[in-house]
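Using this note's numbering, you'd call the opening residue of the sequence shown number 1 and step up by one each time.
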Amino acid sequence: MKMEVLSIGQICSRFSSGKNITAANIHEFGLYPVYGGNGLRGFTNSYNYDGECAIIGRQGAYCGNVKYVLGKSYMSEHAIVAVTNPNHNNRYFAYKLSLAKLGRFSGQAAQPGLSVTKLLRLKFEMPSRQYQDRVASILSTYDTLIENNTKRIRILEKMAENLYKEWFVRFRFPGHENVKMVNGLPNGWKKGALSDVCEFKRGKNITSSEMKDGTIPVISAGITPSGFHSHANVYGISVTMSSSGANAGYIAVHYSDIWAADCSYIEEASTPCIYYVYELLNNIRSIINNFQRGAAQPHVYPKDINRIKMIIPSEDIRKKANEKIGVIHRQIDNLQRQNSLLARQRDLLLPRLMSGKLEV
């Protein structure tokens, strides 16, 4: 197969960083995703890019990571936007970049970074546009399946959220018609603190140099894992809350072992009705965010979260809710596992297709 050696500058019509966005304008939910040095940072209500492109993390411990993006999004100054010219397929080039291990070109400073000027001179073997289109089509089949599963996950998450609100916000739990209200609460319910149903503990920080090759996600301050390690310090189902940074207070559920680093956590072994507790925490996200301390580097401390005042339902209702919400979350877990398998299959094909060893 004929290949043409071209620089990034010859392949791309745009190869430049995005624009600055303050932490105050990045939220857990919003209209448009915000991409930075480590991938997805959160969401905001405006966008500065519309179309398809590859984005490269430009700065930070995990600079050099590559993601294909389609649609409206906000690209921060720590993300490089790579848009191919008409002679090349943008999705194909994103796959090509993902194999290049661009992080090795970062500087050796305390804050590693990639130089746009230097990257523009990097050269790649590029096949014909026809071949690029065929490869992109094959690989995108896997990505489409992953995206469809992800959409199903979002629907299930909404179902669990709505169930919680129906039972514990609107008080329409099973048998509510026959329960007397006492001082504005269903009989058997009481006022208390979050620590009455769970208690967050602090994780144990680990640096990238201390991480050993493995598959255990390291949960830190971001929305996505900061890396992977050979063993865990939290086992089974757990819920984490990011402790610092732009995403301080971010809540996530994990269905398998993790390493809890710059976060606080609760685990199933010490938290009865953990699925119920996760949905409870989801419902009070705005309250949790109000506990952020510090302007430049926000922090959320477990001792503050544990003291949050709340209404505590009867144990029987909590258990029933946990069973129903648990059914939904087990479906989510299954879909996430399917996505992991699809991603592994895609990644096995990727280098063979890129090199031309596998004819298409």
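Quick reminder that beta carbons are idealized off the backbone N, C-alpha and C, glycines included.
These numbers were taken from a predicted model, which means no experiment stands behind them.
- Under DSSP, D333 shares a beta bridge with no residue.
- DSSP places T144 in the uninterrupted alpha helix (DSSP H) bounded by 129 to 168.
- DSSP, reduced to helix, strand and coil, places R91 within a helical segment of the structure shown.
- Taking every protein chain shown into account, the CB of Y35 has 16 or more other CB atoms within 10 angstroms, so this residue is buried.
- Contact between the segment 317 to 337 and the segment 151 to 164 is present: three or more C-beta pairs spanning the two stretches fall below 8 Å.
- Membership of D50 in the beta strand (DSSP E) is indicated by the continuous run 49 to 57.
- Taken through DSSP and simplified to helix, strand or coil, G71 comes out as strand.
- Counting the other CB atoms within 10 Å of its CB gives V5 a total below 16, which places it among the exposed residues.
- In this structure, the straight-line span from the alpha carbon of I317 to that of R170 is close to 14 Å.
- As summarised for the segment 247 to 271, the continuous beta strand (DSSP E) elements at least 3 residues long and confined to that stretch are 251 to 254, 263 to 267, given in chain order.
- Contact annotation: the segment 20 to 35 touches the segment 236 to 251, with at least three C-beta pairs closer than 8 Å.
- By the C-beta density criterion, A221 is buried, having at least 16 other C-beta atoms within 10 angstroms.
- Of L358, K357, Q336, the smallest CA-CA separation from L145 is found for Q336.
- The beta carbon of R307 sits closer than 6 Å to those of A193, all from its chain and outside the five residues before and after it, given in chain order.
- Boundaries of the beta strand (DSSP E) around R14: 12 to 17.
- Given a length threshold of 3 residues, each whole run of the beta strand (DSSP E) inside the segment 175 to 247 is given here in chain order: 190 to 193, 216 to 219, 227 to 229, 238 to 242.
- Boundaries for K118: no beta strand (DSSP E) harbours it, while the alpha helix (DSSP H) harbouring it runs 116 to 120, taken from the DSSP string.
- Beyond the five residues adjoining it in sequence on each side, H299 comes within less than 8 Å, by CB distance, of S243, S244, A248, Q292, R293 in the same chain, given in chain order.
- For E125, the uninterrupted beta strand (DSSP E) segment begins and ends at 123 to 126.
- Taking all protein chains in view, the Cβ of I155 is surrounded by fewer than 16 other Cβ atoms within 10 Å, so the residue is classified as exposed.
- Of N205, R91, A100, I223, the smallest CA-CA separation from A232 is found for N205.
- Spatial neighbours of R152 in its own chain (CB-CB distance under 7 Å, excluding positions within 5 residues in sequence) are listed in chain order as L335.
- By the Cβ criterion, the segment 342 to 356 is not in contact with the segment 309 to 316, since fewer than three pairs of Cβ atoms, one from each stretch, lie closer than 8 Å.
- As the crow flies, the alpha-carbon of F124 is around 39 Å from that of A252.
- Separation of the CB atoms of S16 and Y32 is rounded to 19 Å, and the pair is thereby denied contact status at 8 Å.
- Less than 8 Å separates the beta-carbon of L114 from that of I56.
- With contacts defined by Cβ atoms closer than 8 Å, G236 and Y275 do not form a contacting pair.
- The same chain holds no residue with a CB closer than 7 Å to that of P86 once the five nearest residues on each side in sequence are set aside.
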